[in-house]
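First comes the structure, then the notes that go with it.
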Ligand code: 3PG
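Residue numbers (our numbering): 922 to 1305.
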């Protein structure tokens, strides 16, 4: 593919698609790893004298309606702080985008735009009309064929890969080509349904899969354990059973439960056999954490995506913390990816102890699966 670094950007209108989909709480960015990862690209374009227009999605708002909750403004404020310069938010890019050479603006959340998710040509053409050069740098959203990631690349005068996207593809490609074994994946997060395919693919290449979070509940239920009111997808129990036959999936023997999903919920440690009807499982217990950490010691490659508990609430964060520290101590080549995972990496301060940190969540997992990322494929097509 064409690379941004190979182009003369001076005086050009450069539209950069980043993945600035970061957690925001009370109008403040709470984990800025993705924003920091995008800085070199933006700075490079600025230094080259480009008129820089950045765009990103944030969350999953309803299309066609503006809602302040999902506004990109907190991201712009944070980015401005990191860049040490103003970053204006363009509320409606169709009314025109004013930007001088060496300046940067940020378009409002692209997911407010009708047709974004459907990859509508009309919207993609409107984005493309903003620029001389389109730079796809959002590795984290490269698995989405949407107007701001894929469609725009069809219509832009020039479409190329940004340095972050190029670096991600390079590093992950090299790491996964011939993994040192045992290869252990940690797959956490809330739902099996959103990660079933990746679990299936990982079951082909991994020696062991550690499941956590809501995902583990479906596996617990599949092995006949009580899960009370926990998040659990009954329709996926057969799929979970099949996976357990195929690959080693150790399950927690103790769990930390709460009666409500809240910051002040009381945490109660229970045996995985003693979960009550009104309990919700929010973390793995200390015995399980210790056993899993021990298993991680012998791993030579670790792929981590998703926390194993509701770590944003401290009382349900010990399991994720224990695994994070085990990864930090391990000699294995470790790769961490995913928004929540990066937030955990930050929270437990292990960033410099993980071999490679990817900005991708779903994209990271699809890459691991060997799937074609549509936003990369279109760049390859354009390069022909
Ligand atoms: C992510 O967080 O994985 C990416 O930003 C993509 O977000 P999405 O799953 O809402 O498309």
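All C-beta atoms, glycine included, are put in the ideal place defined by N, C-alpha and C.
All values derive from a computational prediction rather than experimental measurement.
Near the ligand 3PG, meaning a beta-carbon closer than 6 Å to one of its heavy atoms, we find 940, 942, 981, 1061, 1062, 1065, 1260, 1282 and 1283.
No Cβ-Cβ contact shorter than 8 Å links residue 1020 with residue 993. For a cut-off of 8 Å, the C-beta gap from residue 1263 to residue 1210 is around 20 Å, too long to register as a contact. Apart from the 5 residues on each side of it in sequence, residue 1220 sits with its Cβ closer than 6 Å to the Cβ of 1103, 1105 and 1253 in its chain, given in chain order. Rounded to whole angstroms, residue 1256 and residue 1092 show a C-alpha spacing of 10 Å. By the Cβ-count criterion, residue 1098 is exposed, with fewer than 16 other Cβ atoms from all chains shown falling within 10 Å of its own Cβ.
Setting aside the 5 residues that flank it on each side, residue 1084 is surrounded in the same chain by 924, 925, 926, 961, 962, 965 and 1058, each with a C-beta closer than 8 Å to its C-beta; the list follows chain order. Counting only residues of its own chain and dropping the five nearest sequence neighbours on each side, residue 985 has a CB closer than 7 Å to the CB of 1035. In this structure, residue 1051 places its C-beta atom within 8 Å of the C-beta atom of residue 1018. Sequence-distant Cβ neighbours of residue 1041 in its own chain, meaning closer than 8 Å and more than five residues away, are 1035, 1068 and 1072. Inter-residue distance for residue 1100 and residue 1303 is about 31 Å (C-alpha atoms, whole angstroms).
Bridge partners of residue 1179 according to DSSP: 1201.
Take the alpha-carbon of residue 1234 and the one of residue 1242: they are about 12 Å apart.
Sixteen is the threshold: when 16 or more other Cβ atoms of the shown chains lie within 10 Å of the Cβ of residue 1132, as they do, the residue is buried. Residue 976 has 938 as its beta-bridge partners, per DSSP. Taking 8 Å as the upper bound for CB-CB distance, residue 1177 and residue 1206 are in contact here, some 6 Å apart. Between the region 1111-1131 and the region 1152-1160, the count of Cβ pairs shorter than 8 Å is three or higher; the stretches touch. Taking 4 residues as the shortest admissible run, the region 960-1017 contains the following complete alpha helix (DSSP H) segments, listed from N- to C-terminal end: 994-1004. For residue 1048, the secondary structure class from DSSP, reduced to helix, strand or coil, is helix. About 6 Å separates the beta carbon of residue 1142 from that of residue 1158, a gap short enough to meet the 8 Å contact definition. Between residue 1061 and the set 1300, 1299, 1298 and 1279, the nearest pair of CA atoms involves 1279.
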